[in-house]
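Residue numbering for the sequence shown follows this note's numbering, starting at 10 and increasing by one per position. Ideal placement from N, C-alpha and C gives every residue a C-beta, glycine not left out.
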Amino acid sequence: MTAAIAAEGLRKRYGEIQAVDGVSLEVEAGEFFGVLGPNGAGKTTTLEILEGLRRPDAGSAEIFGLSPWPRNPALLPRIGVQLQASAFFERLTAGEQIVTFGSLYGVSSAQAVAMLDRVGLAEFAGTRAEKLSGGQAQRLSIACALVHDPELLFLDEPTTGLDPQARRNLWDLLREINAEGRTVVLTTHYLDEAEILCDRVAVMDHGRILKTDPPATLIRELDAPTRLTVESGALTAEHARELLAATGTEAEVQDDGVSLAIATRTPGPVLTLLAEQDALRGLEVRGATLEDVFLQLTGREYRE
Ligand code: ATP
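Written out as structure tokens, the structure reads:
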């Protein structure tokens, strides 16, 4: 089976800045693939090369086995590119926007308007695009990218700037779109988003992909300790250390005056001990996250 995307050694320089510095990736048809990285990592430039909007300085890209550059008319109906909300036509309603986008691909007005329903915007068909909320505008831009029923959808930071509820609603929509069998490639600088949505994630920084794997694999490979925190007060750090040492449980204990935090690879005995000491108030248990993966890969904190 031909991969949806196969890219090898992509490079792109803007003046002094090496925005993309040797990116290779392969995305299978039907995958939900994430490109994760902080601002300026080179995510957008990588996507623009794959979409056929930019020519790489070096390297090759194939979408469904075809080169996206120079602009390939055979590919255009098969891919959907989410435009930034600011790219809507001025003064048109949501309904008029989607009909106009659809007409570019020969899609009937009825089919185009039906797409508004698909993204939960039917009741806003008569609303001017600039009057939509951030989340609604993102839905409209996704609807415009889907209007011609593409197999592969590119989304560039679709949830940036949305409130938590709107982000979650959009996640549900993106999952549905992927469940329909479409390949979805998403860039994000939200670690939680990549972890929740993506089958595989390419962690990117300074124009390079540091690692590509399912989020769970990236996290598991870290073999990071589990972190248990409870409210300070019931048990001092010193006493906790003594009790843990007495049972031969390896753990690091810290108390910042608000929380008692215990990092350990054997959380079972630690939980038992906290329960015995009646010190479970405010208990939180946290495993490693993609944030820890980034820290390990780059040696520095993930800057958002
Ligand atoms: P963000 O999350 O901020 O969108 P990104 O990971 O998508 O970042 P890019 O937009 O690809 O990263 O940018 C990579 C680097 O290239 C950045 O340093 C950026 O300033 C620079 N850059 C991007 N586009 C251009 C351009 N058209 N001209 C010059 N420099 C650019």
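- Pairing residue 45 with residue 213 gives a Cβ-Cβ distance under 8 angstroms.
- By a beta-carbon distance limit of 8 angstroms, residue 14 contacts residue 194. Their separation comes to about 7 angstroms.
- Between the ligand ATP and the CB of residue 23, the shortest heavy atom gap is smaller than 7 angstroms.
- By the criterion of a C-beta distance shorter than 6 angstroms, residue 114 is surrounded in its chain by 157, once the five residues flanking it on both sides are discounted.
- At a threshold of 7 angstroms, residue 53 counts as near the ligand ATP, since its beta carbon sits closer than that to one of the ligand's heavy atoms.
- The C-beta of residue 74 has fewer than 16 other C-beta atoms within 10 Å across all chains shown, which makes the residue exposed.
- Contact between residue 297 and residue 233 is confirmed by a C-beta separation of about 4 angstroms, below the 8 angstroms threshold.
- Of all alpha-carbon atoms in 31, 67, 145, 35, the one lying nearest the alpha-carbon of residue 50 is that of 31.
- The C-beta distance from residue 125 to residue 152 rounds to 6 angstroms, short enough to fall under 8 angstroms.
- Here the alpha carbon of residue 123 sits roughly 28 angstroms from the alpha carbon of residue 205.
- With a cut-off of 8 angstroms on Cβ pairs, the segment 133–146 is in contact with the segment 97–108, counting three or more such pairs.
- With contacts defined by Cβ atoms closer than 8 angstroms, residue 306 and residue 282 do not form a contacting pair.
- In this structure residue 262 touches residue 246 by the C-beta definition: roughly 5 angstroms separates them, less than 8 angstroms.
- In terms of Cα proximity to residue 167, the closest of 21, 209, 62, 143 is 143.
- Counting other Cβ atoms within 10 Å of its Cβ, residue 256 stays below 16 and is therefore classed as exposed.
- In this structure, the CA atom of residue 56 is about 24 angstroms from the CA atom of residue 304.
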